[in-house]
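Undergrad: Residue numbers (my numbering), protein chains in the order written: chain Z, 1 to 414; chain G, 415 to 828.
Virtual Cβ for every residue (Gly too), placed ideally from N, Cα, C.
Nothing here was measured: the structure is a model prediction, and the numbers come from that model.
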């Protein structure tokens, strides 16, 4: 068998696994909907457990439904290398987000064992039960449970949009709520996550790999402006308390400040709701969101303080009442970059084009990154699209990710 | 009977009539809902016809349901003076908008006849059947039919929100659709309309009367911006095609231009809809409205041209697709101001504080104003509120309107 033939087989192997896993919760639009503890979720985790066992992994679930596939190390078994990603998707999500990280880890470890036998250190492949927050109003249920951050209190009384209690969904999926308790794993030495980029940086730069240095911090605000609803024809401009003009000024000015003075910062108003929202009535009330992200905590803080000051000033000078509600506040997480540095030669050898980059999206790696050395790698996303049936990464790019992950895990465990 | 007593009786008379008419379609919130051809509308017009007849008017309906109360002139009967307003209201409207103009006209003519006998010229009081456009998607159905502007084609296939055909509603209200045809009245010499201001200019200036010189022209646009929906965290600022930021810039800039360079112009974005309208996703599509009003056609044209140019420039420079849809285009109407000038001495005599002003809202007077000398007068509105159960004008202010209307009609018909 020539090297080319071998490469083709490998390319089809990861793509086949992706398609196989996407069949659990596959939608007619070509996407995947696999919500925490749903029927599709149970089917996917169960099938994955079987596949792990069929390939020589010791597979087991923890109390919340994280699935592990263990390859016992020859020398060290008390602590282990964890690698994987999450099994859940958003509603009408893609085939790659989360799934790729699990399957690439599975394949990398399988091939390592095939090629080099058992590792020195134990490796576990993980299919984290939940990251997206798409069924219940919480996120990182998998990783944050592993790090002991959640407790029965977290989900007390929590229901999904159909009124199903978290407790009930959990129990029915095979993870009895009464057994659930906070339990932090202390035996993880290093976490490695491979993921699609969900942005266009690698694709635009024609790069193979992103070596993630930080995961951004995020603050999300809802700004409520209370002006005066009035007749669009009879109210002179200077008499108006137009909440929508005030919102427009705020969005324009904050975006301009961010672009001018904070090069890596990202600010987004994704949601705006005006009332009464009628063409010939001045909007008396406007709510809009601000999603602000940066990888350095002090820069994020500084900008947000400046933004809030600016918002109050704008509202006050227009006689408009303002309420600023901070409802998400996640600190930036610096990841382990030492491993990336160590691997530079290997990447050069393989002639892989790569860049060090910040992740603008949240990942399980940010949860682990608070506690232990955590490494994250990106492969390109076509057109930067994610959370959509259009999500796509080419087989050869997926395969590059798997082979690099093999190198990283070899470095850590062999 | 002293003058004071007489005044008190008069004050209660207009207020009593307002309350009486508001009982047809009165809501529990203290407002009025009286939609064209509804049961309440039929009751109101029928009761008003009876009241006219009881007070010596010859009352009759035309083919679409405009109600006239005629006082035959002693000298001229071929042409006549028309005075009144509209009987319909918006959903959950007030007691004064439209109703006041009809009742004040009725009372003024009644008192003129009581005090001075029959006029030289015929006077007709009119309760126009529809102005608001609140049930069917057309407005000024009453006045535009009188001016021959509507035809059976206008209402062909038209239904209300409950699926009732216009034709059917009309016929059931007692105005058989098969009889309906376009018919312009050529016998109106002058139209006079008294109305509440629906704004705060008179109240803030502590004025009794507004002498309306123009009714503004209006252009209403819907602007659609097509950018690219993308991840709020992973899309760098310089790569974005953020339709909402573009909309915010547009609203800010156009408002600033209007305020700086077009003193009497009014511009309003009352409605904005962003898609997908989710906090952590860049809005790929935004629709917003622009309601632009001015009393001079050339200024309105000039500003709108400049605005559209600015919008295209903004969109193009951000790589965003734009569609500009003009869906309302009403020319400004200069009203007859000669009569106001003639009446100045009378107003001074009565020590009435007044101002010449532009109406920022549309009225039946603008329909008549295209064809014949048309005079419009405003009385104050409390807090500038209209189209609401909170609509209110003080009895003494209502009565001032009636007495001034008497003077105007005396000048025209005696």
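Identify, in the order they occur along the chain, each residue of the same chain with its Cβ nearer than 7 Å to the Cβ of residue 747 of chain G, setting aside the five sequence neighbours on each side.
TA: In the second chain, the residue the question calls residue 747 of chain G occupies position 333. Cβ within range, chain order: 628, 629, 780, 783 and 784.
Undergrad: What residue ranges within the stretch 170-228 of chain Z form continuous alpha helix (DSSP H) runs of no fewer than 4 residues, ordered along the chain?
TA: 201-204
Undergrad: Taking C-beta pairs closer than 7 Å, name the residues in chain Z that residue 693 of chain G reaches, listed in chain order.
TA: Reading the second chain from its first residue, position 279 is the one you call residue 693 of chain G. Neighbours of residue 693 of chain G on chain Z, chain order: 220, 270, 271, 289 and 291.
Undergrad: For residue 680 of chain G, return the contacting residues in chain Z, with the cut-off set at a CB-CB distance below 8 Å.
TA: Taking the second chain and counting its residues from 1, one reaches residue 680 of chain G at position 266. Within chain Z, the residues near residue 680 of chain G are 232, 233, 235, 236 and 237.
Undergrad: Among the residues of its own chain, which have a CB less than 6 Å from the CB of residue 714 of chain G, if the five just before and after it don't count?
TA: Residue mapping note: residue 714 of chain G aligns to position 300 of the second chain, counting from 1. For residue 714 of chain G, where only same-chain residues beyond five positions count, the Cβ hits under 6 Å are 631 and 708.
Undergrad: How about residue 673 of chain G: is its C-beta nearer than 8 Å to some C-beta of chain Z?
TA: Here residue 673 of chain G corresponds to residue number 259 of the second chain, with the count starting at 1. Judged by the 8 Å Cβ criterion, residue 673 of chain G is in contact with chain Z.
Undergrad: From the beta carbon of residue 800 of chain G, is the nearest beta carbon of chain Z less than 8 Å away?
TA: Your numbering for residue 800 of chain G matches position 386 in the second chain. Interface residue, yes.
Undergrad: Does DSSP put residue 474 of chain G in a helix, in a strand, or in coil?
TA: One-based indexing of the second chain puts residue 474 of chain G at position 60. Strand at residue 474 of chain G.
Undergrad: Helix, strand or coil for residue 161 of chain Z, going by three-state DSSP, please let me know.
TA: Mapped onto the first chain, residue 161 of chain Z falls at position 161. Residue state, collapsed to three classes: coil.
Undergrad: Does the distance from the CB of residue 801 of chain G to the CB of residue 511 of chain G come in under 8 Å?
TA: By 1-based counting over the second chain, the position of residue 801 of chain G is 387. By 1-based counting over the second chain, the position of residue 511 of chain G is 97. In contact: residue 801 of chain G and residue 511 of chain G (Cβ atoms closer than 8 Å).
Undergrad: Please classify residue 596 of chain G as buried or exposed, where buried requires at least 16 neighbouring CB atoms within 10 angstroms.
TA: Here residue 596 of chain G refers to the residue found at position 182 when the second chain is read from its first residue. Under this definition residue 596 of chain G is an exposed residue.
Undergrad: Go ahead and pull the three-state DSSP assignment for residue 135 of chain Z.
TA: As a position in the first chain, residue 135 of chain Z is number 135, starting the count at 1. Reduced to three states, the DSSP call for residue 135 of chain Z is coil.
Undergrad: Give the interface partners of residue 207 of chain Z over in chain G, defined as CB-CB distance under 7 Å, in chain order.
TA: As a working mapping, residue 207 of chain Z is identified with position 207 in the first chain. Ordered by position in chain G, no residue passes the 7 Å Cβ test against residue 207 of chain Z, which lies about 14 Å from the chain.
Undergrad: For the stretch 602-619 of chain G against the stretch 321-333 of chain Z, do three or more pairs of beta-carbon atoms, one drawn from each stretch, fall closer than 8 Å, so that the two count as touching?
TA: no
Undergrad: Measuring only the C-alpha atoms, how far is residue 323 of chain Z from residue 696 of chain G?
TA: On the first chain, residue 323 of chain Z is found 323 positions in, with the first residue counted as 1. On the second chain, residue 696 of chain G is found 282 positions in, with the first residue counted as 1. Approximately 23 Å between the Cα atoms of the pair.
Undergrad: Where does the unbroken alpha helix (DSSP H) through residue 33 of chain Z begin, and where does it stop?
TA: Within the first chain, residue 33 of chain Z is the residue found at index 33, counting from 1. Taken as a continuous stretch (DSSP letters only), residue 33 of chain Z belongs to no alpha helix (DSSP H), as it is neither H nor E.
Undergrad: Measuring only between beta-carbons, confirm whether residue 736 of chain G sits less than 8 Å from chain Z.
TA: Reading the second chain from its first residue, position 322 is the one you call residue 736 of chain G. No, because no Cβ of chain Z sits closer than 8 Å to the Cβ of residue 736 of chain G.
Undergrad: Just confirm the distance between the C-beta atoms of residue 411 of chain G and residue 477 of chain G, as a whole number of angstroms; I'd bet it's less than 8 Å.
TA: Outside the displayed span of chain G (415 to 828) sits residue 411 of chain G, for which this structure offers no information.
Undergrad: Out of Z:278, Z:260 and Z:248, which has the shortest C-alpha to C-alpha gap to residue 271 of chain Z?
TA: Counting from 1 along the first chain, the entry for residue 271 of chain Z is found at position 271. Considering only alpha carbons, the answer is Z:248.
Undergrad: Does the beta-carbon of residue 646 of chain G have 16 or more other beta-carbons within 10 angstroms, so that it is buried, or is it exposed?
TA: Within the second chain, numbered from 1, the residue matching residue 646 of chain G stands at position 232. By the 10 Å Cβ count, residue 646 of chain G comes out buried.
Undergrad: So is residue 759 of chain G buried or exposed if we call it buried at 16+ other beta carbons inside 10 Å?
TA: The residue you call residue 759 of chain G lines up with position 345 of the second chain. Looking at its Cβ environment, which holds fewer than 16 other Cβ atoms inside 10 Å, residue 759 of chain G is exposed.
Undergrad: State the Cα-Cα distance for the pair residue 822 of chain G and residue 753 of chain G, rounded to the nearest angstrom.
TA: Counting from 1 along the second chain, the entry for residue 822 of chain G is found at position 408. Counting from 1 along the second chain, the entry for residue 753 of chain G is found at position 339. Going by the C-alpha atoms only, they are around 8 Å apart.
Undergrad: Please give the ranges of any beta strand (DSSP E) in the stretch 757-814 of chain G, keeping only runs that are unbroken, at least 3 residues long and fully inside the region.
TA: 768-773 and 788-793
Undergrad: Inspect the beta-carbon positions of residue 194 of chain Z and residue 252 of chain Z and report whether they are closer than 8 Å.
TA: For the purposes of this step, residue 194 of chain Z is identified with residue 194 of the first chain, where counting begins at 1. For the purposes of this step, residue 252 of chain Z is identified with residue 252 of the first chain, where counting begins at 1. Against a cut-off of 8 Å, the Cβ pair of residue 252 of chain Z and residue 194 of chain Z comes out as no contact.
Undergrad: Looking only at its chain, what residues have a beta carbon closer than 7 Å to the beta carbon of residue 47 of chain Z, apart from the 5 residues adjacent to it on each side?
TA: Reading the first chain from its first residue, position 47 is the one you call residue 47 of chain Z. Correct list, in chain order: 24.
Undergrad: According to DSSP, residue 494 of chain G sits in a beta bridge with which residue or residues?
TA: Counted from its first residue, the second chain places residue 494 of chain G at position 80. G:536 and G:602.
Undergrad: Between which two residues does the beta strand (DSSP E) containing residue 485 of chain G stretch?
TA: Counting from one through the second chain, the residue named residue 485 of chain G turns up at place 71. Where residue 485 of chain G is concerned, the enclosing beta strand (DSSP E) stretches over 481-485.
Undergrad: Looking at chain Z, is there any beta carbon in it that lies within less than 8 Å of the beta carbon of residue 666 of chain G?
TA: Position 252 of the second chain holds residue 666 of chain G. Yes, residue 666 of chain G counts as interfacial toward chain Z.
Undergrad: Going by the beta-carbon positions, is the gap between residue 701 of chain G and residue 722 of chain G smaller than 8 Å?
TA: As a first step, residue 701 of chain G is located in the second chain; it is residue number 287 there, counting from the start. As a first step, residue 722 of chain G is located in the second chain; it is residue number 308 there, counting from the start. The answer is no: Cβ separation not under 8 Å.
Undergrad: Suppose only complete runs of 3+ residues qualify. What are the beta strand (DSSP E) ranges in the stretch 292-351 of chain Z, listed by chain order?
TA: 321-330
Undergrad: Could one say the Cβ of residue 662 of chain G lies closer than 8 Å to chain Z's Cβ atoms, at least one of them?
TA: Position 248 of the second chain holds residue 662 of chain G. It does; some Cβ of chain Z falls within 8 Å.
Undergrad: For residue 768 of chain G, does the count of other Cβ atoms within 10 angstroms reach 16, so buried, or fall short, so exposed?
TA: Stepping through the second chain from its first residue, residue 768 of chain G is reached at position 354. Its Cβ being crowded by 16 or more others within 10 Å, residue 768 of chain G is buried.
Undergrad: Name the two residues that bound the continuous alpha helix (DSSP H) containing residue 686 of chain G.
TA: Within the second chain, numbered from 1, the residue matching residue 686 of chain G stands at position 272. No alpha helix (DSSP H) holds residue 686 of chain G; the beta strand (DSSP E) holding it covers 686-689.
Undergrad: Give a yes or no on whether 8 Å exceeds the smallest Cβ distance from residue 611 of chain G to chain Z.
TA: Counting from one through the second chain, the residue named residue 611 of chain G turns up at place 197. Yes - at least one Cβ of chain Z is within 8 Å of the one on residue 611 of chain G.
Undergrad: Kindly indicate if chain G contains any beta-carbon less than 8 Å away from that of residue 367 of chain Z.
TA: As a working mapping, residue 367 of chain Z is identified with position 367 in the first chain. It does not; no Cβ of chain G falls within 8 Å.
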